[in-house]
Amino acid sequence: MTLSACASTSTPHAQSPQQATVSTPQALSEPYSPPTSSFQPNVAERPIKGGDSVSGRSTFHLTDGRLAPWLDSWAQEVSITKELPLEFVQQHLQAAQYNASAARLMAPSKGRVKRSWITYRERFVDPIRINAGVKFWQQNQGILNEVEQTYGVPASIIVAIIGVETIYGRYTGDFKVLDALATLGFSYPDDSRPERGALFRDQLADLLVLDYQGKIKISEAYGSYAGAMGLPQFMPGSIKRFAVDYTQKGYVDLYRSIPDITASVANFLRVHGWQPGLPSFVKASLPKDPASLVTGGLQPTLSWQQLSQAGAHSTVEPLPTWLRTTKLGVINLVDEPSQNVQYRIATPNFYALTHYNRSYFYATSVVDLAAELERNVKAAH
1 MTLSACASTS
11 TPHAQSPQQA
21 TVSTPQALSE
31 PYSPPTSSFQ
41 PNVAERPIKG
51 GDSVSGRSTF
61 HLTDGRLAPW
71 LDSWAQEVSI
81 TKELPLEFVQ
91 QHLQAAQYNA
101 SAARLMAPSK
111 GRVKRSWITY
121 RERFVDPIRI
131 NAGVKFWQQN
141 QGILNEVEQT
151 YGVPASIIVA
161 IIGVETIYGR
171 YTGDFKVLDA
181 LATLGFSYPD
191 DSRPERGALF
201 RDQLADLLVL
211 DYQGKIKISE
221 AYGSYAGAMG
231 LPQFMPGSIK
241 RFAVDYTQKG
251 YVDLYRSIPD
261 ITASVANFLR
271 VHGWQPGLPS
281 FVKASLPKDP
291 ASLVTGGLQP
301 TLSWQQLSQA
311 GAHSTVEPLP
321 TWLRTTKLGV
331 INLVDEPSQN
341 VQYRIATPNF
351 YALTHYNRSY
361 FYATSVVDLA
371 AELERNVKAA
381 H
């Protein structure tokens, strides 16, 4: 698992009953370059190798208020690696508190939970999100059209992601981001996954950098139990690398600025491979044995020639030119309670969505919600 825009604990799942399509802008011929107003990663940035995570460790400080030696050691490495004043890092870490709720919510489930695509889809492609999404789209149509033209990402997809993440700002999280990241970075509730703690420590370091640069006030940063912030639920690393100050005011506001929110989502997708002009799924009949073509991965590996040789048939005539040259993948959406599996043929745009959340269920729900939103917006006109 990687921490991209939002923090996800999901593993790849996928599929849906009918082929959902969304309108797309005319394909852009030039290669994409992130806008100058977005934060760019420091290519010379060195990884932080220090620090560790111990499940249940609930104290970060000594009795006199100083940092515990193991935490002070990490603070010193962050200071050197990120070029931050040591006192600045120590001061913020002295304010960090263990959050038992964050640890509990991140803890692995006891026993195996049956995967249900139907239940998952009903949770996110629901009347509440559809109605709120149509209203959000109508109220912000001007900036959504502008962002769509600028980035080549359909407004429907942008609106759907914000709906799935926070229902348009209704639920952005009430956890102190500093506490959540410190808890998961140094007290991750599964000692068999030390890499997870390291990922959250990296996010904590990015949070400190953002505060030092004046991009975020740590004392005012609230978000999910995993440390994701704002309407689009960006992790600190994604804010640092992909968020866009669209109105060029000097900082990114992912809570109140619709231009920043929508442009940041679009920029994230473009950087992660979204191709203007492509649908997310191919309109086609599937081979007789689609399961044999499912890799479970997060990159498309198949050509249309391979799929057609396996028995897939396009339902669009003539065959789109892009289909002959674009890598594709077959995804499976498993519903264990009903013992059903639905399959779809996915394009690179579907896989771009999995960078936001590494779940086939998530990415497909975004596409399906986008289709419902677009249908309802058109009907309202």
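full-length UniProt numbering puts the first residue of the sequence shown at 1, with every later residue one more than the last. Using N, Cα and C, we set each Cβ at its ideal position, and we do this for glycine too.
Taking a contact to require three or more Cβ pairs closer than 8 Å, the region 164-177 and the region 223-233 qualify as touching.
Just so you know, the alpha carbons of I261 and E122 end up roughly 25 Å apart. Between the alpha carbons of W74 and E148 lies a gap of roughly 42 Å. Of all alpha-carbon atoms in S303, T119, A96, L62, the one lying nearest the alpha-carbon of P337 is that of T119.
Rounded to the nearest angstrom, the Cβ distance from L286 to N349 is 19 Å, too far for a contact under 8 Å. Between the region 331-347 and the region 281-301 there are three or more C-beta pairs closer than 8 Å, enough to call the two in contact. In this structure, DSSP gives K283 a state outside helix and strand, which the three-state scheme calls coil. Comparing alpha carbon positions, the residue from Q342, G273, L369 closest to T326 is G273. Counting along the chain, Q141 sits inside the alpha helix (DSSP H) bounded by residues 141-151. In the three-state reduction of the DSSP assignment, F60 falls in the coil class, being assigned neither a helical nor a strand state. By the C-beta criterion, the region 87-107 is judged to be in contact with the region 183-200, since at least 3 inter-stretch pairs fall below 8 Å. Looking at the DSSP output, M229 sits in a beta bridge with F234. V265 counts as buried, since no fewer than 16 other beta carbons sit within 10 angstroms of its beta carbon.
Shown here for V153: same chain residues with a beta carbon closer than 8 Å to its own, the five before and five after excluded, namely V147, V265, A266, L269, R270, W274, P276 in chain order.
Judged by beta-carbon spacing, G329 lies within the 8 Å limit of T295, meaning their Cβ atoms are closer than that value. Three or more beta-carbon pairs separated by less than 8 Å are not found between the region 248-262 and the region 365-374, which leaves the two stretches without contact.
L84 carries a coil assignment under DSSP once its states are collapsed to helix, strand and coil. Following the DSSP letters along the chain, one finds I331 inside the beta strand (DSSP E) bounded by residues 329-335.
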